[in-house]
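Numbering (this note's numbering), first residue to last: 10 to 124.
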């Protein structure tokens, strides 16, 4: 009788624990991709530096029209209108954390981090 009761208890616990498996539903969160730059179809004429970051995104630095970011699908242009101190980009670098930095010829020789 005790063996039967133990077997029944284990069976009941097993049914209770496994019956809830998989009842949670995955919720799809709808997100909007917002880019704080101007989507363009081409770069300016004075591209002086090209850089590919760790995520395989291409960055193009111009002497007159800021910086361009190309992710394989969209080309976005960032200028002083979007926060650059100057539209001349002389160098593009990336640190170990994946932050992108631009240097430009400005009266104060600025370094700008992209975020």
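Positions of the beta carbon are idealized from the N, C-alpha and C atoms, including for glycine.
To which residues of the same chain is residue i closer than 6 Å at the C-beta, ignoring the five residues directly before and after it?
i	result
residue 102	110
residue 55	71, 72 and 73
Quick one: what does DSSP say residue i is sitting in, helix, strand or coil?
i	result
residue 90	helix
residue 47	strand
At which residues does the beta strand (DSSP E) containing residue i begin and terminate?
i	result
residue 70	67-71
residue 74	Run containing residue 74: none; DSSP gives neither H nor E here.
residue 102	100-103
residue 112	109-112
With a CB to CB cut of under 8 Å and the five nearest residues on each side skipped, what residues in its chain are close to residue i?
i	result
residue 97	71, 72, 73, 113, 114 and 115
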